[in-house]
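What follows is a short report on a single structure.
Here it is, written out as structure tokens:
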């Protein structure tokens, strides 16, 4: 199992890095759209859309909204940043609502537990994710900005794992993800702080601005993980799919990114911070 997991992780990393650094913006946006549409298929299953035609219709709907978003934001040339910021802001507002639902689960399931409401939730999760990646990639040093987002998620996850394993006593969200602890959470955030310090020193950019962008993204990455865990728990499903050997589904790999990327992109767009 571990060997299979490692092999899959290496393949995913190579494919992603090749797409990130080698593909021009339109093709990279199409690559991310493909990932999002696979995730949309999995989210349809989490939502309870069990029939093939329902999932297909959901994927087509997401694809149509992505195409419309690409048109209105001009994301292939980055000329309509104001619209992109507005959509990213709406996406971040959604995550603020999601935080309240995660905190109040299982009681909150009365509000969002229907399959059609969960399908709408999926749109709020996936569409800003695609836009955030496309928006970041359109910036100067865009590939490196996206790599930073990935590193934020990795630091939050790895820091939480080791500190939680060594010190974890107080449950972070026992009804949603019993294995997560507050000690792990703070360990993950400390790792993000170290990452921010390293980036600020290496890139010779403002330390305070770097912290102000990376820490919220790190916090959001935890929320992204918890939200998918909440929906899976309510649905009674362990993994979003079995597409990735040893890893579950695409959603299981990108859940943290779905929150971290929009928060990072919005924070960066509202500041003058750049590499």
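Numbering (the numbering used here), first residue to last: 49 to 323. Think of the CB as a built atom: it goes at the ideal place given N, C-alpha and C, for glycine as much as any other residue. Small disclaimer: the values here were computed from a predicted structure and weren't measured.
Handout entry: Cα-Cα separation between residue 80 and residue 235, rounded to whole angstroms
Key = Residue 80 sits at position 32 when you count from the first residue of the chain shown. Residue 235 sits at position 187 when you count from the first residue of the chain shown. Taking the straight line from one Cα to the other gives about 30 Å.
Practice task
Answer yes if the segment 67–77 comes into contact with the segment 89–106, meaning at least three C-beta pairs across the two stretches below 8 Å, and no otherwise.
Solution key: no
Problem - Cα-Cα separation between residue 132 and residue 183, rounded to whole angstroms - result: The sequence position of residue 132 within the chain shown is 84, counting from 1. The sequence position of residue 183 within the chain shown is 135, counting from 1. Cα-Cα distance, rounded: 7 Å.
Handout entry: For residue 318, the three-state DSSP class (helix, strand or coil)
Key = Taking the first residue of the chain shown as 1, we reach residue 318 at position 270. Coil at residue 318, not helix or strand.
Handout entry: Status (buried if at least 16 other CB within 10 Å, exposed otherwise) for residue 173
Key = Position 125 of the chain shown, counted from the start, is the residue given in the question as residue 173. Its Cβ being crowded by 16 or more others within 10 Å, residue 173 is buried.
Exercise for the section: Could you have a look at residue 220 and say whether DSSP puts it in helix, strand or coil? Expected result: To locate residue 220, count along the chain shown from 1; it is residue 172. It is a strand residue.
Practice task
Inspect the CB distances between the segment 253–268 and the segment 307–314 and report whether three or more fall short of 8 Å.
Solution key: yes
Problem - Counterpart residues of residue 225 in DSSP-defined beta bridges - result: One-based indexing of the chain shown puts residue 225 at position 177. DSSP output for residue 225 lists 221 as bridge partner(s).
Practice task
Kindly list the residues whose CB is nearer than 7 Å to the CB of residue 88, restricted to its own chain and excluding five residues on each side of it in sequence; keep chain order.
Solution key: Start at 1 with the first residue of the chain shown, and residue 88 comes out as number 40. Closer than 7 Å at Cβ, skipping near neighbours: 106, 107, 110, 170, 174.
Practice task
Can you give me the Cβ contacts of residue 239 inside the same chain, cut-off strictly under 7 Å, excluding the 5 residues immediately before and after it?
Solution key: Along the chain shown, read from residue 1 onward, the residue named residue 239 stands at position 191. Around residue 239: 203, 204, 206, 207.
Handout entry: Residue ranges of each alpha helix (DSSP H) within the segment 138–197, 4 or longer
Key = 157–160, 163–185
Practice task
Determine the closest residue to residue 221 out of 95, 90, 147, 74, with distance taken between C-alpha atoms.
Solution key: Taking the chain shown and counting its residues from 1, one reaches residue 221 at position 173. The candidate whose alpha carbon is nearest that of residue 221 is 147.
Problem - Inter-residue Cα distance where the pair is residue 144 and residue 58 - result: In the chain shown, residue 144 corresponds to position 96, counting from 1. In the chain shown, residue 58 corresponds to position 10, counting from 1. So the alpha carbons of these two residues sit roughly 33 Å apart.
Practice task
Could you check what DSSP says for residue 323 in three-state terms: helix, strand or coil?
Solution key: In the chain shown, counting from the first residue as 1, residue 323 sits at position 275. Coil, per DSSP.
Handout entry: Given residue 122 as reference, the closest of 273, 176, 74 once Cα atoms are compared
Key = Counted from its first residue, the chain shown places residue 122 at position 74. Considering only alpha carbons, the answer is 74.
Handout entry: Close beta carbons around residue 200, own chain, < 8 Å, minus the five adjacent residues each side
Key = Translated into positions along the chain shown, residue 200 becomes position 152. Once the five neighbours on either side are set aside, the close Cβ partners of residue 200 are 240, 243, 262, 265, 266, 269, 308, 312.
Handout entry: Strand pairing of residue 296, partner residues [DSSP]
Key = In the chain shown, residue 296 corresponds to position 248, counting from 1. According to DSSP, residue 296 bridges with 292.
Handout entry: Alpha-carbon spacing of residue 149 relative to residue 161, whole angstroms
Key = For this step, residue 149 is matched to residue 101 along the chain shown. For this step, residue 161 is matched to residue 113 along the chain shown. Near 11 Å, if we compare the C-alpha coordinates of residue 161 and residue 149.
Problem - Cα-Cα separation between residue 165 and residue 233, rounded to whole angstroms - result: Here the question's residue 165 lines up with position 117 in the chain shown. Here the question's residue 233 lines up with position 185 in the chain shown. Near 29 Å, if we compare the C-alpha coordinates of residue 233 and residue 165.
Practice task
Would you kindly report the start and end of the unbroken alpha helix (DSSP H) that includes residue 236?
Solution key: Walking along the chain shown from the start, residue 236 turns up at place 188. 230–251 is the span of the alpha helix (DSSP H), which, as asked, contains residue 236.
Problem - Per-residue DSSP class, three states only, for residue 272 - result: In the chain shown, residue 272 corresponds to position 224, counting from 1. The answer is helix: DSSP assigns residue 272 an H, G or I state.
Practice task
Kindly indicate which three-state DSSP category residue 287 falls into: helix, strand or coil?
Solution key: Position 239 of the chain shown holds residue 287. Coil, per DSSP.
Practice task
Can you have a look at residue 177 and say buried or exposed, based on whether 16 or more other CB atoms are within 10 angstroms of its CB?
Solution key: Along the chain shown, one-based indexing puts residue 177 at 129. Residue 177 comes out buried.
Exercise for the section: May I ask whether a heavy atom of the ligand FMN can be found less than 6 Å away from the beta carbon of residue 187? Expected result: Inclusion of the ligand FMN in the displayed structure is not the case, the ligand content being empty and no account of it being possible.
Problem - Own chain, CB closer than 8 Å to residue 254, minus 5 neighbours either side, in chain order - result: In the chain shown, residue 254 corresponds to position 206, counting from 1. The answer, listed in chain order, is 248, 321.
Exercise for the section: Flag this pair as yes or no: are the beta carbons of residue 297 and residue 287 separated by less than 7 Å? Expected result: The residue given as residue 297 occupies position 249 in the chain shown. The residue given as residue 287 occupies position 239 in the chain shown. A contact, by the Cβ cut-off of 7 Å.
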